[in-house]
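Each residue of the sequence shown is one higher than the one before, counting from 5 in the numbering used here. Glycine included, each C-beta is placed from N, C-alpha and C at the ideal position. Accompanying notes for the structure given below.
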Amino acid sequence: MPNTIINKVTNRIDSYRQDVIDMQRQITAIPALSPVNGGLGESKKAAKIQEILKSLNHDSIKNIIAPDERLENNGRPNIIFRWKGKSSEKTIWIMAHMDIVPPGDLADWDTDPYTVIEKDGKLYGRGTEDNQQAIISAILAIKGLQDEGLLPAYDVALAFVADEETGSEYGIKHIIKEFPNMFTSNDLIYIPDAGDPDGVLIEVAEKSILWIKTTIKGRPTHGSTPECGANAHKAGAHLIVKMDELYQIFDKNDPLYNPPISTFEPTQKEINVLNVNTIPGQDIFYFDCRILPDYSIDTIKDQIRIWANEIEVKFGVKITFSYPQEETAPPATPADTPAANALKLAIKEVMNKEARTIGIGGGTVAAVFRHNGLPAVCWCTLDDTLHAPNEYSVIANAINDAKVFAHIFMQENDE
Ligand SMILES: [Zn+2]
5 MPNTIINKVT
15 NRIDSYRQDV
25 IDMQRQITAI
35 PALSPVNGGL
45 GESKKAAKIQ
55 EILKSLNHDS
65 IKNIIAPDER
75 LENNGRPNII
85 FRWKGKSSEK
95 TIWIMAHMDI
105 VPPGDLADWD
115 TDPYTVIEKD
125 GKLYGRGTED
135 NQQAIISAIL
145 AIKGLQDEGL
155 LPAYDVALAF
165 VADEETGSEY
175 GIKHIIKEFP
185 NMFTSNDLIY
195 IPDAGDPDGV
205 LIEVAEKSIL
215 WIKTTIKGRP
225 THGSTPECGA
235 NAHKAGAHLI
245 VKMDELYQIF
255 DKNDPLYNPP
265 ISTFEPTQKE
275 INVLNVNTIP
285 GQDIFYFDCR
295 ILPDYSIDTI
305 KDQIRIWANE
315 IEVKFGVKIT
325 FSYPQEETAP
335 PATPADTPAA
345 NALKLAIKEV
355 MNKEARTIGI
365 GGGTVAAVFR
375 HNGLPAVCWC
385 TLDDTLHAPN
395 EYSVIANAIN
405 DAKVFAHIFM
415 QENDE
């Protein structure tokens, strides 16, 4: 693609600073919280976003409603926007979510979370970074081409979805279930919902997640007469030390991931006794394990059970395990998938930076695509203030990401 054309588009997008501010103001003012978080869903916010989308040239704007019996209104909206390119051989998708997490304690905020305040090139407000920056950069990428009278090489589509923060059942999972052919493995699928301040990390893979709740039942007794009881806490402590050997047994190293190894960490510890001179009859602790996809979760569970059996005999206790979260990692998106390659080229030409593919600790919405054989990649430029008080979005990041997406839309465009 001739440089002059891409320069025209990126220069044009540079002039959209006020559009970023206006859109952030308008949509931040409409909270979109899931019923689980005490909210009324995304309908009002979706209506506003749809109004903005209608101002763009488009071939269709469709609203897929996922029925949610907890809500009196129409359920949970998912907007699909389509704009045809020169070829319909594949579709370039950008997916972003409309829902937000609650602001938390308002005392921790310097400003009202639903009133956008601009300061030092940053826009403060709940949802500005997660995930409105993505919604806005996607819209402005399209606007950039349209204002220059250009068509994308391939069809461009936006999926602005509900319910990402609380499980995606009413969002992307609903869409893929109801419309299994909407996305194809030939499409380029971008999810601008994970990133770094330099905008050079492209997430293509994740680890499996296993949370382990360990309950040890012993027999309580006075602190001075351990022989009359069974110390559940002591047995638990021995088991925790044993479980640290998971690092040696499952020790595969894969430089794609950061950190490159599986991790097995003791985290939460429930209160056992309230006084020093009682030997605890029960002890409960948790592990958070992030496991390279090379290992099956069941092998880990089997290994822990072997150690638990030994400890049960040695300390006269009973050990049970439950798993509050268990998520087998989908197959990774190949690092050289066309979506990642197009993105690397765009980052190189727009930002003059070398991007690289990475794997992360797990639990991203991209897993929903990957489990369905769809090669999704996560990327955007983020300061990672999401879910925290005083969340903000850097205006330049929204502009920058819009240019990168515009570049991807223009690639293989030979005019
Ligand atoms: Zn998000």
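- The beta carbon of Ser64 sits closer than 8 Å to the beta carbons of Ile84, Phe85 and Arg86 from its chain, once the five residues preceding and following it are set aside; these are given in chain order.
- In the DSSP assignment, Thr225 is bridged to Ile283.
- Residue pairing from DSSP places Met99 in a beta bridge opposite Ala163.
- Gly45 sits in coil when the DSSP states are folded into three classes, being neither helix nor strand.
- Note on Lys407: 16 or more other CB atoms within 10 angstroms of its CB, so buried under the neighbour-count rule.
- Asp191 and Leu57 have their C-alpha atoms spaced approximately 22 Å apart.
- The closest heavy atom of ligand 1 lies 8 Å or more from the beta carbon of His375.
- When DSSP assignments are scanned along the region 366-396, the uninterrupted stretches of beta strand (DSSP E) that are 3 or more residues long and fall wholly within it turn out to be 380-382.
- In this structure, Glu122 has its CB at a distance of at least 8 Å from all heavy atoms of ligand 1.
- Short note on Glu169: C-beta closer than 8 Å to some heavy atom of ligand 1.
- Closer than 8 Å to some heavy atom of ligand 1: that does not describe the Cβ of Asn190.
- Judged by DSSP secondary structure, Ser141 falls within the alpha helix (DSSP H) whose first and last residues are Gln137 to Asp151.
- Distance from the C-beta of Leu205 to the nearest heavy atom of ligand 1 is not below 8 Å.
- Looking at the backbone, the Cα of Lys246 and that of Gly377 are separated by about 37 Å.
- DSSP places Gly363 inside the beta strand (DSSP E), whose first and last residues are Arg360 to Ile364.
- With a contact defined as Cβ atoms closer than 8 Å, Ile220 and Asp287 qualify at about 4 Å.
- DSSP, reduced to helix, strand and coil, places Ala198 outside both helices and strands of the structure shown, so it counts as coil.
- Fully contained in the region 28-98 are the following beta strand (DSSP E) runs of length 3 or more, in chain order: 64-70 and 80-87.
- The alpha-carbon of Asp72 is positioned some 33 Å away from that of Asp387.
- In the DSSP assignment, Asp292 forms a beta bridge with Trp215 and Glu269.
- Under the DSSP assignment, Leu127 falls in the beta strand (DSSP E) whose first and last residues are Lys126 to Tyr128.
- In this structure, Asn135 has its CB closer than 8 Å to one or more heavy atoms of ligand 1.
- Listed in chain order, the non-local C-beta contacts of Lys177 below 7 Å within the same chain comprise Val372, local neighbours out to five positions each way being set aside.
- In this structure, Leu278 has its CB at a distance of at least 8 Å from all heavy atoms of ligand 1.
- By the neighbour-count criterion, in which a residue is buried when 16 or more other Cβ atoms sit within 10 angstroms of its Cβ, Pro264 is exposed.
- The C-beta of Phe183 has fewer than 16 other C-beta atoms within 10 Å across all chains shown, which makes the residue exposed.
- Distance between Lys322 and Thr119, taken at the CA atoms: about 54 Å.
- At least 9 Å separates the beta-carbon of Ala33 from that of Met102.
- Proximity to Tyr261 across Ala336, His411 and Val160 peaks at Ala336, based on C-alpha coordinates.
- For Asp124, the closest alpha carbon among the candidates Ala70, Asp134, Ile25 and Gly148 is that of Ile25.
- Not one heavy atom of ligand 1 lies closer than 8 Å to the C-beta of Leu154.
- Only residues of its own chain outside the window of five on either side were considered, and among them Ala236, His237, Asn276 and Val277 have a CB closer than 6 Å to the CB of Pro284, listed in chain order.
- Using a 10 angstroms sphere on the CB of Pro107, the tally of other CB atoms reaches 16 or more, which defines it as buried.
- For Pro342, the uninterrupted alpha helix (DSSP H) run begins and ends at Pro342 to Met355, by DSSP.
- Between Ile104 and the set Gly42, Cys232, Glu55 and Lys147, the nearest pair of CA atoms involves Gly42.
- In the same chain as Met414, and ignoring 5 residues on each side of it, the C-beta atoms closer than 8 Å to its own belong to Met5, Ile9, Ile10, Val13, Leu149, Leu154, Pro156 and Ala157, in chain order.
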